[in-house]
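Colleague: Count along the sequence shown from 1, then add 208; that gives the number in our numbering. The C-beta atom is built at its ideal place from N, Cα and C for all residues, glycine as well.
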Amino acid sequence: MSHTSTILRESGEPAAARFVRHIRIDPHSSTETYPFSLPAISYLRRAGGLPLHGGVTFLVGENGSGKSTLLEAVAVAAGMNPEGGSQNYRFSTRSSESSLSDHITLVWGTEKPRSRFFLRAETYYNVATETERLGPDQVAALGGTSPHERSHGESFIDLMMHRFHPNGLYLLDEPEAALSPQACLAVLTRLADLVALRCQVVIATHSPILLALPGATIYEISDDGAIALTDYDDAQPVRLTRSFLSNPERYLRHLTSTDHSPDDV
Ligand SMILES: Nc1ncnc2c1ncn2[C@@H]1O[C@H](COP(=O)(O)OP(=O)(O)OP(=O)(O)O)[C@@H](O)[C@H]1O
Ligand SMILES: [Mg+2]
Numbered sequence: 209m210s211h212t213s214t215i216l217r218e219s220g221e222p223a224a225a226r227f228v229r230h231i232r233i234d235p236h237s238s239t240e241t242y243p244f245s246l247p248a249i250s251y252l253r254r255a256g257g258l259p260l261h262g263g264v265t266f267l268v269g270e271n272g273s274g275k276s277t278l279l280e281a282v283a284v285a286a287g288m289n290p291e292g293g294s295q296n297y298r299f300s301t302r303s304s305e306s307s308l309s310d311h312i313t314l315v316w317g318t319e320k321p322r323s324r325f326f327l328r329a330e331t332y333y334n335v336a337t338e339t340e341r342l343g344p345d346q347v348a349a350l351g352g353t354s355p356h357e358r359s360h361g362e363s364f365i366d367l368m369m370h371r372f373h374p375n376g377l378y379l380l381d382e383p384e385a386a387l388s389p390q391a392c393l394a395v396l397t398r399l400a401d402l403v404a405l406r407c408q409v410v411i412a413t414h415s416p417i418l419l420a421l422p423g424a425t426i427y428e429i430s431d432d433g434a435i436a437l438t439d440y441d442d443a444q445p446v447r448l449t450r451s452f453l454s455n456p457e458r459y460l461r462h463l464t465s466t467d468h469s470p471d472d473v
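1. Per DSSP, what kind of secondary structure is leucine 402 in: helix, strand or coil?
2. If we call anything under 8 Å between Cβ atoms a contact, is aspartate 161 one with histidine 311?
3. To which residues of the same chain is leucine 246 closer than 6 Å at the C-beta, ignoring the five residues directly before and after it?
4. If you compare alpha carbons, which of Glu291, Thr318 and Pro355 is closest to serine 363?
5. Pull the bridge partners of alanine 385 from the DSSP assignment, please.
6. Can the beta-carbon of valine 264 be found less than 8 Å from the beta-carbon of leucine 421?
7. Between leucine 314 and alanine 286, which are expected to be in contact by the criterion C-beta below 8 Å, what is the C-beta distance as a whole number of angstroms?
8. Under three-state DSSP, which class holds histidine 261?
9. Using only Cβ atoms and a threshold of 7 Å, which residues come within that distance of a heavy atom of ligand 2? Order them by chain position.
10. CA-CA distance, arginine 322 and histidine 373?
11. Taking 7 Å as the cut-off, is the CB of leucine 448 close to at least one heavy atom of ligand 1?
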C-alpha cells in the first residue's frame, strides 16, 4: 500500500475522471418481469437514468434492492464479463445475468478508460480459475500469485493494488465481503490513490468504512426504489452501524426479546 496517501489531498488536483457520465435505461422496456419489475430499476426508467459523477460513486441500499443487478448491467454495457473480470474474460460458469444491459445505454465522456475490471465478490473464485487458465501473464498482472493461492481478502487486495491502473474504469460489488476492517482502511487509501490516478470507480457496498472516502458520491436506494444522493452521516449503513456500536446492549435486548424494533434507528 502506498505510503503517500492522497486521502487528504484537496486542491490542485486535476478533475476526477468521469468516463461514464450517465446510465440511461430504455423508457420503453418492460415493467413486468425481473429486472424491470425491481422498484429501483422502475425508478431509474421513470427518472431518466442515473448521472455518474467523477471519481468514486457508491451505491448503498438494503439486500435485494438491486445494486448488483444495476452494477452487472453497467459492467456488461461497458464490455466486461457479467461474472467479473476485464474485457479479456469471457467465461461463464452459470449464466444468471439479467437482460438489463440490453436496455441500458452508457453515456460516455470524450475520454475512454485505458483499463476496465468488474470485481464481484460472489464470483471471484471463478475469475481466479479463469486467470490461471489464461496463463502466466494474467497471474503476473495480479502481482505474481494466483488468487487461488491467496486468501480471499489477499486476492482482492492484490487485484486492487496490481491490476488497477491509472485512467481505469473499475466496478466493485461488495469488495468488503472479503476484507477485515483493517484491510478496508487499506482499500480506502487505495481508492483515494485511484481517484488521484484519474480512475472512475463505482462500488456497491454496505461498508461504513469504505463509504468514508472523502469526495465520493453516495447514492442510496430506498425501500420504494427511489435513488437519491446522500451524505456520509445519513447513509443507512453508517447510521445503523454507528447507532449499534454506540449501544450494542440496547440492540441485543431488543433483538433477543419479542420486540424486534429499536425505536431510534
Ligand atoms: N436472476 C434473477 N431472477 C429473478 N430475480 C432475481 C435474479 N437475480 C436477482 N433477483 C432478485 O432481484 C433483487 C435484487 O437483487 P440484487 O442482487 O441486485 O440485490 P442487491 O442490492 O445487490 O442485494 P445484496 O446487498 O444482497 O447484494 C433481489 O430481490 C433478487 O431476489
Ligand atoms: Mg449485491
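Modeller: Taking the coordinates as given:
1. Taking the sequence shown and counting its residues from 1, one reaches residue 402 at position 194. The answer is helix: DSSP assigns leucine 402 an H, G or I state.
2. Examination of residue 161 is not possible in this model, given that the chain is present from 209 through 473 alone.
3. Numbered from its first residue, the sequence shown carries residue 246 at position 38. If we look at leucine 246 and ignore the five residues flanking it on each side, its Cβ neighbours are Gly274.
4. Within the sequence shown, the letter at position 155 stands for residue 363. Out of Glu291, Thr318 and Pro355, Pro355 has the C-alpha closest to the C-alpha of serine 363.
5. Locating residue 385 in the sequence shown gives position 177, where the first residue counts as 1. Per DSSP, none; premise fails for alanine 385.
6. As a position in the sequence shown, residue 264 is number 56, starting the count at 1. As a position in the sequence shown, residue 421 is number 213, starting the count at 1. Cβ atoms of valine 264 and leucine 421: closer than 8 Å.
7. Residue mapping note: residue 314 aligns to position 106 of the sequence shown, counting from 1. Residue mapping note: residue 286 aligns to position 78 of the sequence shown, counting from 1. Indeed, because the Cβ distance is near 6 Å, the residues count as touching under 8 Å.
8. By 1-based counting over the sequence shown, the position of residue 261 is 53. DSSP places histidine 261 in coil when its eight states are reduced to three.
9. Lys275, Ser276, Asp381, Glu382 and Ala412
10. For the purposes of this step, residue 322 is taken as residue 114 along the sequence shown, with counting starting at 1. For the purposes of this step, residue 373 is taken as residue 165 along the sequence shown, with counting starting at 1. Looking at the two C-alpha atoms, the distance is approximately 8 Å.
11. Working through the sequence shown from its first residue, we reach residue 448 at position 240. No, since every heavy atom of ligand 1 falls outside the 7 Å radius drawn around the Cβ of leucine 448.
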